[in-house]
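Inspection log for the structure reproduced underneath, given as structure tokens.
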Amino acid sequence: MNIIVFIKQVADTEARILIKSDKKSLEIENKYNMNFFDEFAVEEAIRIKEKFKDSLITVCTYGTKKAIEALRTAIAMGVDRAFLLDNTNLDNDDPLIIAKILSSFAKKEGFDLILCGRQAIDDENANVGAMVAEFLNIPHISAILKLEVIDDKKVKAESELEGGREVIEAQLPALFTTQKGLNEPRVPLITGVMKAMKAVIPAIDPCSLGIVKEDIDTKASKITVLSYEPPQSRPPVKVIDGETPEEKVKSLVKALKEEAKAL
Amino acid sequence: MSKDVLVFIECKEGTVRKASLELLSKGKEITEKFSSYLYAVVIGYQIKGIAEGLKSFSDKVIAVDNESLKDYRWDTYMTVLEQLIKKYTPGMVFGASTITGKDMFPRLAARLNGAIISDAVGIDLDGENVRIKKPLFGGKIISWVVCKPGSTSLISFRPNSFSIEKRSLNGELIEETVEAPRDSRLNILSIDKSGSKKVDIQEADFIICGGRGMKGPENFQILEEIADIMGGRVGASRAVVDSKWREYDDQVGKSGKTVSPKLYIGCGVSGALHHTMGMDTSKVIVAINKDPNAPIFQYADYGIVDDLFNILPFLKEELKRAKEEI
Ligand SMILES: Cc1cc2nc3c(=O)[nH]c(=O)nc-3n(C[C@H](O)[C@H](O)[C@H](O)COP(=O)(O)OP(=O)(O)OC[C@H]3O[C@@H](n4cnc5c(N)ncnc54)[C@H](O)[C@@H]3O)c2cc1C
Chain A
1 MNIIVFIKQV ADTEARILIK SDKKSLEIEN KYNMNFFDEF AVEEAIRIKE
51 KFKDSLITVC TYGTKKAIEA LRTAIAMGVD RAFLLDNTNL DNDDPLIIAK
101 ILSSFAKKEG FDLILCGRQA IDDENANVGA MVAEFLNIPH ISAILKLEVI
151 DDKKVKAESE LEGGREVIEA QLPALFTTQK GLNEPRVPLI TGVMKAMKAV
201 IPAIDPCSLG IVKEDIDTKA SKITVLSYEP PQSRPPVKVI DGETPEEKVK
251 SLVKALKEEA KAL
Chain B
264 MSKDVLVFIE CKEGTVRKAS LELLSKGKEI TEKFSSYLYA VVIGYQIKGI
314 AEGLKSFSDK VIAVDNESLK DYRWDTYMTV LEQLIKKYTP GMVFGASTIT
364 GKDMFPRLAA RLNGAIISDA VGIDLDGENV RIKKPLFGGK IISWVVCKPG
414 STSLISFRPN SFSIEKRSLN GELIEETVEA PRDSRLNILS IDKSGSKKVD
464 IQEADFIICG GRGMKGPENF QILEEIADIM GGRVGASRAV VDSKWREYDD
514 QVGKSGKTVS PKLYIGCGVS GALHHTMGMD TSKVIVAINK DPNAPIFQYA
564 DYGIVDDLFN ILPFLKEELK RAKEEI
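Chains A and B supply the protein sequences, listed in that same order.
Read in order, the letters of the first sequence are residues 1 to 263 in our numbering.
Read in order, the letters of the second sequence are residues 264 to 589 in our numbering.
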């Protein structure tokens with residue numbers, strides 16, 4: 001089984017993020033991780049390989065050279081190989097373009113199954129998975145909670161619906177986005193970490209995947225960020241005073257009604 | 264590209280979801296300004312009544328009614344929308360950033376080679392420009408984004424981003440028949456909608472969220488009672504979900520659901536960054552915590568420093584009384 005996992009390196013939730021004076025760019029503290037939801041994708045791929053031993057797991061990301069760190073984490077967890085689709089000189093954040101690049105990579109490598117996280121925790125977009133599936137003309141199932149690979153042609157997946165769940169049988173090749181609840185991502189063992197340190201991770205120029213540069217450079221982007229701004233800060237908390245719990249609650253409900261107009 | 268706006272309507276239990284009405288309200292404001300049309304597209308089976316009900320909100324209501332469209336599937340629904348978009352050529356297509364919206368909109372954008380902005384929270388009309396407001400990094404940064412002129416723009420908004428304005432438009436009802444064959448590579452074996460009677464956590468106006476301070480699953484009963492009184496939902500911190508006191512569906516935060524109710528009450532929730540990133544766009548935040556230094560007080564509008572077990576019984580009574588007065 002040929003498995004591709006697409007991951008993204010994202011700023012840690014604790015990282016300090018500053019808006020630069022041009023208001024059009026950000027300065028992000030040097031604290032990065034593999035995207036939270038992508039860990040479930042990597043873990044699931046490894047579990048499939050544990051069952052179908054002759055599988056090959058390829059992890060890939062589109063990003064800066066720095067993103068190689070996230071690829072190393074995946075190797076430390078147990079994937080076979082990793083590639084960076086280097087975005088140097090392409091600086092582009094349009095999901096449509098990223099999906100085009102990733103799908104070109106998948107086409108070139110070949111695959112039976114593609115996994116990626118439900119969404120990235122930096123932009124919350126949840127775009128790229130389903131878009132890649134469309135460009136590859138394969139079915140996708142979003143936000144899966146269970147995946148059972150029956151053979152190299154068929155899988156059964158359980159996914160979240162509005163107010164429920166559904167169980168779907170899908171023919172491979174197909175793409176699945178993963179979320180919390182699917183599995184418990186493993187913590188890499190020291191031997192894995194050692195292997196990851198030594199692994200050679202090729203950086204690929206996306207233009208070598210048969211894509212024309214004009215189609216993926218900044219000018220091709222269909223969305224433009226005009227500016228960044230800090231969120232509106234909340235006024236300081238009003239601590240509700242009172243002698244007894246009952247008094248406090250009465251004052252709170254009064255404030256919610258009369259002042260905040262929230263009732 | 265036209266300045267028309269098309270809204271993809273989501274239904275639940277035979278009624279239009281609140282999030283869709285919010286989008287129609289905002290859509291009307293935009294089309295009024297541009298003197299363009301607002302389309303509401305409703306897809307499903309036996310949806311005549313729903314379509315009729317939408318006429319007051321929209322200039323045109325397009326209904327695609329077919330038994331094969333009874334349940335949402337991206338393959339069929341997307342094909343329907345794709346064809347309607349090609350026929351009616353709206354400049355902007357709005358949807359809700361829900362499980363359905365997140366599943367279908369990106370794929371539709373790829374098919375149409377369109378521009379996509381997901382999980383937006385606001386829109387600003389400045390001259391001819393339509394600027395979209397989108398939070399990044401869990402709300403630490405707000406970005407303002409525009410779509411390239413000339414491309415169909417698909418934009419999904421978080422529920423509770425806009426208020427619902429009642430209108431009396433008496434729009435035109437258009438019934439369309441669209442061929443939407445199923446993708447034979449996908450076969451739905453079973454659907455369990457047992458949770459669909461509950462208020463959707465992302466759409467809820469009121470959320471009372473329990474943290475580890477609730478001490479155990481049995482104590483969530485009173486939160487359920489309060490949520491019922493308020494017509495809202497119980498939420499939970501990750502610590503609670505990880506302890507299996509509540510379902511993952513209830514989880515608020517970075518690795519759960521992003522919510523922005525009109526009123527959020529946190530009970531025994533410490534307010535870790537991963538949690539607050541999922542709720543800090545709530546209109547009014549109340550925190551009940553016995554620790555005056557709990558970080559949640561940095562986000563709260565109102566705080567009660569006390570043992571929550573002393574507070575909750577009174578809170579239930581007072582909220583009940585407040586509701587009865589209205
Ligand atoms: C990658 C990642 C993703 C995460 N995603 C999420 C997420 O989506 N959602 C989420 O919630 N968390 C998430 N977390 C976890 C988060 O960091 C916190 O650990 C979690 O939110 C803590 O939950 P809590 O507030 O219920 O528990 P605690 O932090 O243990 O807080 C309990 C609080 O209850 C108070 N308390 C105790 N007893 C009482 C009482 N009798 N009366 C009043 N107050 C009392 C205490 O003072 C304390 O403040 C994530 C963490 C990571 C690393």
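Ideal Cβ placement from N, Cα and C applies to all residues, glycine included.
>> For a cutoff of 8 Å on Cβ pairs, would you count Met540 of chain B as touching chain A?
In response: The sequence position of residue 540 of chain B within the second sequence is 277, counting from 1. Met540 of chain B counts as touching chain A.
>> For Gly531 of chain B and Val393 of chain B, I'd like the C-alpha separation in whole angstroms.
In response: As a working mapping, residue 531 of chain B is identified with position 268 in the second sequence. As a working mapping, residue 393 of chain B is identified with position 130 in the second sequence. Cα-Cα distance, rounded: 41 Å.
> Listing by chain order, which chain A residues have their CB less than 9 Å from the CB of Thr363 of chain B?
Replying inline: Walking along the second sequence from the start, residue 363 of chain B turns up at place 100. Going along chain A in sequence order, the residues near Thr363 of chain B (Cβ under 9 Å) are Leu161, Glu162.
>> Can you give me the C-alpha to C-alpha distance between Leu136 of chain A and Asn556 of chain B, rounded to a whole angstrom?
In response: Stepping through the first sequence from its first residue, residue 136 of chain A is reached at position 136. Stepping through the second sequence from its first residue, residue 556 of chain B is reached at position 293. If you take the alpha carbons of Leu136 of chain A and Asn556 of chain B, they lie about 52 Å apart.
>> Residues of the segment 111 to 125 of chain A in Cβ contact with chain B at a cutoff of 7 Å, in chain order, please.
In response: Ile121, Asp122, Asp123, Glu124, Asn125
> Taking only runs of the beta strand (DSSP E) that begin and end inside the segment 406 to 489 of chain B, which ones reach a length of at least 3 residues, in chain order?
Replying inline: 416 to 420, 435 to 438, 449 to 455, 469 to 473
>> I want to verify the contact list: residues of chain A whose CB lies under 9 Å from the CB of Ile386 of chain B, in sequence order.
In response: Position 123 of the second sequence holds residue 386 of chain B. Residues of chain A passing the Cβ test: none, with the nearest at roughly 13 Å.
> So the beta strand (DSSP E) Leu256 of chain A belongs to, where does it begin and stop?
Replying inline: For the purposes of this step, residue 256 of chain A is taken as residue 256 along the first sequence, with counting starting at 1. Careful: Leu256 of chain A lies outside any beta strand (DSSP E) and carries neither H nor E.
>> Please tell me whether Cys472 of chain B has its Cβ less than 8 Å away from any Cβ of chain A.
In response: Here residue 472 of chain B refers to the residue found at position 209 of the second sequence. No, Cys472 of chain B lies away from the interface with chain A (no Cβ there is under 8 Å from its Cβ).
>> By the 8 Å beta-carbon criterion, what residues does the segment 233 to 249 of chain A contribute toward chain B?
In response: The segment 233 to 249 of chain A vs chain B, Cβ under 8 Å: Arg234, Pro235, Val237, Lys238, Val239, Ile240, Pro245, Glu246, Lys248, Val249.
>> If I measure Cβ to Cβ from Gly181 of chain A and keep anything under 7 Å in the same chain, skipping five residues before and after, which residues do I get?
In response: Looking up residue 181 of chain A in the first sequence gives position 181. Taken in chain order, the residues that qualify are Leu145.
> Mind listing, in chain order, the residues whose beta carbon lies closer than 5 Å to a non-hydrogen atom of ligand 1?
Replying inline: A:Phe36, B:Gly474, B:Arg475, B:Gly476, B:Ser500, B:Arg501, B:Ala502, B:Gly516, B:Lys517, B:Ser518, B:Gly519, B:Gly531, B:Val532, B:Ser533, B:Ala535, B:His537, B:His538, B:Asn552, B:Lys553, B:Asp554, B:Ala557, B:Asp570, B:Leu571
> Which parts of the segment 265 to 333 of chain B are runs of the alpha helix (DSSP H), unbroken and 4 residues or longer, counting only runs that do not cross its ends?
Replying inline: Entirely contained in the segment 265 to 333 of chain B, the alpha helix (DSSP H) runs reaching 4 residues are, in chain order, 281 to 297, 311 to 317.
> Hey, Thr415 of chain B and Leu375 of chain B: beta-carbon distance below 8 Å or not?
Replying inline: In the second sequence, the residue the question calls residue 415 of chain B occupies position 152. In the second sequence, the residue the question calls residue 375 of chain B occupies position 112. In this structure, Thr415 of chain B places its C-beta atom within 8 Å of the C-beta atom of Leu375 of chain B.
>> Tell me the residue span of the alpha helix (DSSP H) that contains Tyr562 of chain B.
In response: Within the second sequence, the letter at position 299 stands for residue 562 of chain B. Where Tyr562 of chain B is concerned, there is no enclosing alpha helix (DSSP H), given that its DSSP letter is neither H nor E.
> For Leu332 of chain B, which residues of its own chain have a beta-carbon under 8 Å away from its beta-carbon, when the five flanking residues on both sides are left out?
Replying inline: By one-based count along the second sequence, residue 332 of chain B stands at place 69. Excluding sequence neighbours, Leu332 of chain B sits near Ile306, Gly307, Tyr308, Thr339, Tyr340, Val343, Ala443.
>> Assuming contact is defined by CB atoms lying nearer than 8 Å, are Leu26 of chain A and Thr61 of chain A in contact in what I supplied?
In response: On the first sequence, residue 26 of chain A is found 26 positions in, with the first residue counted as 1. On the first sequence, residue 61 of chain A is found 61 positions in, with the first residue counted as 1. For Leu26 of chain A and Thr61 of chain A, no; Cβs fall outside 8 Å.
> Within 10 angstroms of its Cβ, does Asn433 of chain B collect 16 or more other Cβ (buried), or is it exposed?
Replying inline: Against the second sequence, residue 433 of chain B aligns to sequence position 170. By the 10 Å Cβ count, Asn433 of chain B comes out exposed.
> Hey, is Ile19 of chain A's beta-carbon within less than 8 Å of any beta-carbon in chain B?
Replying inline: Residue numbering aside, residue 19 of chain A sits at position 19 when the first sequence is read from its first letter. Yes, because at least one Cβ of chain B sits closer than 8 Å to the Cβ of Ile19 of chain A.
>> Excluding the 5 residues flanking Gly566 of chain B on each side, which residues of the same chain have their C-beta closer than 6 Å to its C-beta?
In response: Residue numbering aside, residue 566 of chain B sits at position 303 when the second sequence is read from its first letter. Cβ neighbours of Gly566 of chain B beyond the five flanking positions: Ala550, Phe560.
> What residues in its chain sit with their C-beta under 6 Å from that of Phe469 of chain B, if we drop five residues either side in the sequence?
Replying inline: Position 206 of the second sequence holds residue 469 of chain B. Within the same chain, Phe469 of chain B has close Cβ partners Met493, Gly495, Pro524, Leu526.
> Do three or more CB pairs link the segment 496 to 503 of chain B to the segment 445 to 464 of chain B at distances below 8 Å?
Replying inline: yes
>> Using CA atoms only, rank isn't needed, just tell me which of B:Asn552, B:Asp322, B:Pro412 is closest to Val237 of chain A.
In response: On the first sequence, position 237 is the one that residue 237 of chain A refers to. The shortest Cα separation from Val237 of chain A among B:Asn552, B:Asp322, B:Pro412 belongs to B:Asn552.
>> Whole angstroms are fine: how far does the CA of Met264 of chain B sit from the CA of Lys350 of chain B?
In response: Translated into positions along the second sequence, residue 350 of chain B becomes position 87. Translated into positions along the second sequence, residue 264 of chain B becomes position 1. Looking at the two C-alpha atoms, the distance is approximately 13 Å.
> Is the shortest distance between the beta-carbon of Gly63 of chain A and the beta-carbons of chain B less than 8 Å?
Replying inline: By 1-based counting over the first sequence, the position of residue 63 of chain A is 63. Not one chain B Cβ lies under 8 Å of Gly63 of chain A.
> Shorter than 8 Å from the beta carbon of Met77 of chain A to some beta carbon of chain D?
Replying inline: Looking for chain D here will not work: the only protein chains present are A and B.
>> Contact between the segment 9 to 20 of chain A and the segment 33 to 45 of chain A is defined here as three or more beta-carbon pairs at a separation below 8 Å; is this criterion met?
In response: yes
> With Ile114 of chain A and Leu175 of chain A assumed to form a contact (beta carbons below 8 Å), what rounded beta-carbon distance in angstroms separates them?
Replying inline: Taking the first sequence and counting its residues from 1, one reaches residue 114 of chain A at position 114. Taking the first sequence and counting its residues from 1, one reaches residue 175 of chain A at position 175. Between Leu175 of chain A and Ile114 of chain A the Cβ distance is about 4 Å, and since that is below 8 Å, they are a contact.
>> List, in chain order, every chain B residue whose beta-carbon is nearer than 7 Å to that of Leu102 of chain A.
In response: As a working mapping, residue 102 of chain A is identified with position 102 in the first sequence. Here the premise fails: no neighbours, minimum Cβ distance about 11 Å.
> If contact means a Cβ-Cβ distance below 8 Å, which residues of the segment 339 to 355 of chain B contact chain A?
Replying inline: none
>> Please give the ranges of any beta strand (DSSP E) in the segment 95 to 180 of chain A, keeping only runs that are unbroken, at least 3 residues long and fully inside the region.
In response: 113 to 117, 140 to 151, 154 to 161, 164 to 171, 174 to 178
> How do the segment 352 to 368 of chain B and the segment 398 to 409 of chain B stand: do at least 3 beta-carbon pairs fall below 8 Å, yes or no?
Replying inline: no
>> So, for Gly168 of chain A: in the same chain, excluding its five sequence neighbours on each side, which residues have a beta-carbon less than 7 Å away from its beta-carbon?
In response: Position 168 of the first sequence holds residue 168 of chain A. One detail in the question is off: residue 168 of chain A reads as Ile in this sequence, not Gly. The beta carbon of Ile168 of chain A is closer than 7 Å to those of Ile141, Ala157, Ser159 in its chain, skipping five residues each way along the sequence.
> Cβ of Asp505 of chain B within 8 Å of Cβ of Glu124 of chain A?
Replying inline: The count along the second sequence starts at 1 and reaches residue 505 of chain B at position 242. The count along the first sequence starts at 1 and reaches residue 124 of chain A at position 124. Contact flag unset, no.
> DSSP puts Thr224 of chain A in a beta bridge; with which residues?
Replying inline: In the first sequence, counting from the first residue as 1, residue 224 of chain A sits at position 224. In the DSSP output, where bridge partners are listed per residue, Thr224 of chain A has B:Val409.
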